[in-house]
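K.L.:
Provided herewith is a single structure, encoded as structure tokens, for subsequent inquiry.
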Amino acid sequence: MRERPNGQHMERMIQLPHRYARPRLNFISPFVKDTMFCFNFIFWLVGGALIGIGLYALIDQRQSGAGVRVEDLSDILFNVGLIIAIIGAIIFFVSLLDA
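Structure (structure tokens):
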């Protein structure tokens, strides 16, 4: 520390050359961040809605007496309610983890 002529202490400031300056590593505009958040929220809602529609279709199929039979791969592929619920769950969890 240096002293000023009036007796006060003055801290020394070291200025680094430009090549040692810390670069801005991550700048994302607020518009892009807000847009990504909104789309992610919309996908999360759509995934939840698809889960609800798929579960409603499965419950309706079970209450109508047809039942949900899963013995082969073809039973899963041709059961529309189950496919919608699975796709909805995938969309829901991917968009949830993306946030």
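According to the numbering used here, the sequence shown holds residues -6 to 92 in order. C-beta: ideal position from N, C-alpha, C; glycine also. Every value quoted in this text rests on a predicted model; they were computed, and no experiment measured them.
1) Alpha carbon to alpha carbon, how far is residue 29 from residue 65? Give it in angstroms, no decimals.
2) Applying the 10 Å Cβ sphere with the 16-neighbour rule, what's the burial state of residue 78?
3) May I ask which residues mark the beginning and end of the alpha helix (DSSP H) holding residue 41?
4) Where does residue 43 land, buried or exposed, given buried means 16+ other C-beta within 10 angstroms?
5) Pick helix, strand or coil for residue 86, following the three-state DSSP scheme.
6) Would you call the CB atoms of residue 73 and residue 50 closer than 8 Å?
7) Please state if the CB of residue 40 and the CB of residue 69 are separated by a distance shorter than 8 Å.
8) Check whether the Cβ atoms of residue 89 and residue 47 sit closer than 8 Å, and answer yes or no.
9) Output the boundary residues of the alpha helix (DSSP H) element that contains residue 65.
10) Let me confirm a value: residue 45 is counted as buried when at least 16 other C-beta atoms fall within 10 Å, else exposed. Which label applies?
P.N.:
The relevant details are as follows:
1) Those two C-alpha atoms are separated by around 40 Å.
2) buried
3) 23 to 56
4) buried
5) helix
6) Yes.
7) Between residue 69 and residue 40, the gap from beta carbon to beta carbon reaches 8 Å or more.
8) no
9) Taken as a continuous stretch (DSSP letters only), residue 65 belongs to no alpha helix (DSSP H), as it is neither H nor E.
10) exposed
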